[in-house]
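Start counting the sequence shown at 0; every next residue gets the next number (numbering that gives the first Met the number 0).
First the structure, in the form of structure tokens, and then the observations on it.
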Amino acid sequence: MGIVFYAQAQVDSVFWFAPPDVSAQHEQNPITFRITAGDEPVTITMSMPANPAFAPVTFSLNAGTTRSFAYGNVDTFESKPSGQVLNKGILIEGNGLFTAVYEVGNLFNIDTFVLKGRNALGREFVVPGQSVWDNQFTFLSDAWSTLDIVATENRTFISVIPKTDVEGAEAGDTLRIELDRGEVYSVRALSRIAEETLAGSEVFSNRPIAVTLKDDSMLFNGCYDLCGDQLVPIGILGQEYLIGPTDLGGLEYVFVTATEAETEVYLNNDDVPMAVLDRGETYSLPLPTTRRIVTTAPTAVMHYTGIGCEIGAALVPSVNCKGSVTVPFVRSSSEEFYLSVLVQRTGIDGFSFLRNTSAIVNASDFAPVPGTDDTWYRALIPYGTGEILPDRAFTLINETNSFQLGVVDGG
């Protein structure tokens, strides 16, 4: 059960989310919202603005504590059926800062979607994604690649230009959608073939929307897993990415999707580009070791990684984004668990955990990232349940530098 997310600028007071429809043939429930308070107490309300039958949930959290809400009635939340206007958009808002994570499954087909707050809201998106692994094929299979879109305001007019054939539109045509506040629309690919996913599709809107990408039950080395993430609009994307592998035996990938024509993609400090991409084109790159990727225009980068044969995915934050000096996280299982920490060299000896734990981050855990002239360092650190307990909030802090934190949870 590979689960990965990159803890980026997702500490906020407002989160919108369109929960994806996940295959019932594998595992789709429960779905769980994990809410973690920041440095101050906070009162939070979770609601479905377009669904008056859903009773809003209001609760309070002390600083640095977490609370989980698990639901077995997944039909209330999941964005299905596709191709229709639905009333299932989720709004989570509070009077202070907190993080919100959406988790699918309990034992199998688990994945974690990190909600990105206001950074997820925008009017123009280019969709990243993969082109290596098919969705599971069976006679009863309901595993697909989808985009799930939620509107934050009334009279939101959306145009989707899919890279592949979808319900209601052929590749390259325009699918037009009108949504009111809290309404959701799921755009589903008609193919389960890896080369025909939604990667490279474009989404435009006259008002802020949030978009969820899902690739369900991806076949990998005899296993199959849900992968996806909440996307960010073009204005949040960057041009430099530092990415390291986890535990897939050299079989993991990153995928770089261009937002502008003639985008050059460089590896480490190479003078010659690996690829030149037009808008919506995607370049796949195996990840046997830590790499630096630099592009001449903003790009969306997805990292597919995991543990053993179990795979997960995350949208990678650019190092052009500052990161944070404090990052809260929650371990969701007792299986294998890693922290992936990226920081400049001057910060490798400045880490500590805010809450009581025997876990530590040592300067000796770090190694330089190739192509950064000894400026950036990365560590991949395993922790047992005696150091990082499941279902408890922890906060990693750095006294001198901002940093990026990835969490790999499962096995």
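Even glycine gets a Cβ: it sits at the ideal position worked out from N, Cα and C.
Using 7 Å as the threshold, is the C-beta distance between Ala99 and Leu85 below it? no
Review point. In its own chain, which residues sit with a C-beta less than 6 Å from the C-beta of Tyr382, not counting the 5 before and 5 after it?
Key: Phe336 and Ala358
Inset, instruction - Would you kindly check if the distance between the Cβ of Ala299 and the Cβ of Asp228 is under 7 Å? - result: no
Should Phe422 and Phe32 be called a contact, given that it needs their Cβ atoms to be closer than 7 Å?
The question about residue 422 has no answer here: the residues shown for the chain are numbered 0 through 410.
Measuring only the C-alpha atoms, how far is Arg377 from Thr356?
22 Å
Practice task
In the DSSP assignment, find the unbroken beta strand (DSSP E) run with Asp147 in it and report its ends.
Solution key: Ser144 to Ala150
Which runs of the beta strand (DSSP E) at least 3 residues long sit entirely within the segment 174-246? Give them in chain order. 174-178, 183-187, 201-219, 222-229 and 237-242
Less than 7 Å between the C-beta atoms of Leu481 and Val315, yes or no? In this structure the chain extends from 0 to 410, so residue 481 is not present and cannot be described.
(message) Starting from Pro297, trace the beta strand (DSSP E) in both directions and tell me its first and last residue.
(response) Arg290 to Ile306
Assuming Phe365 and Ile387 make a contact with CB atoms under 8 Å, what is their CB distance in whole Å?
That belief does not hold up - the Cβ atoms of Phe365 and Ile387 are roughly 19 Å apart, past 8 Å.
Three-way DSSP call (helix, strand, coil) for Arg344 in this model
helix
Tell me whether the beta-carbon of Ile43 lies closer than 7 Å to the beta-carbon of Gly93.
-> yes
- prompt: According to the Cβ coordinates, are Glu239 and Val342 closer than 7 Å?
  reply: no
So what's Phe393 in DSSP terms, helix, strand or just coil? strand
Point to revise | Residue range of the unbroken beta strand (DSSP E) whose run includes Ser158 | key: Thr155 to Ile160
Could you compute how far the alpha carbon of Pro244 sits from the alpha carbon of Val407? 11 Å
Which ranges would you report for the beta strand (DSSP E) in the segment 362-387 if only whole runs of at least 3 residues count? 375-381
Q) Which first and last residues belong to the beta strand (DSSP E) in which Thr35 is found? A) Ile30 to Ala36
Classify Gly63: buried if its beta carbon has 16 or more other beta carbons within 10 angstroms, exposed otherwise. buried
Q | Ile380 to Leu96 span [Cα, whole Å] | A | 27 Å
**Request:** Specify the secondary structure class of Ala99 as computed by DSSP and reduced to three states.
**Result:** strand
Inset, instruction - Please determine if the segment 196-207 and the segment 118-132 are in contact, where contact requires at least 3 C-beta pairs separated by less than 8 Å. - result: yes
Tell me, which residues are paired with Met45 by DSSP? Val56 and Ile91
Anticipated Cβ contact below 8 Å, Val131 with Ser283, distance rounded
6 Å
Tell me whether Asp277 sits in a helix, a strand or coil according to DSSP, three-state version. coil
Could you round the C-beta distance between Glu261 and Asp277 to whole angstroms and report it? I think they count as a contact, below 8 Å. 7 Å
query: Does DSSP put Arg330 in a helix, a strand or coil?
result: strand
Along the chain, where does the beta strand (DSSP E) containing Leu314 start, and where does it finish? Glu309 to Leu314
Is it buried or exposed for Asn72, if we count other Cβ within 10 angstroms and need 16 for buried?
exposed
| query | So Tyr252 and Leu286 are in contact, right, with Cβ under 8 Å, and what is the actual spacing, rounded? | reply | 6 Å
*asked:* Bridge partners for Gln403 per DSSP, in chain order?
replied: Leu341
field: Distance between Ala198 and Asn267 (C-alpha atoms, nearest Å)
entry: 24 Å
Margin query: In the DSSP assignment, the beta strand (DSSP E) including Glu123 goes from what residue to what residue?
Written below: Gly121 to Val125
(message) Taking its Cβ as the centre, do 16 or more other Cβ atoms sit within 10 Å of Thr54, making it buried, or is it exposed?
(response) Just to set this straight, residue 54 is Ala in the shown sequence, not Thr. It counts as exposed.
| Leu230 versus Asn118: straight-line alpha-carbon distance, rounded | 9 Å
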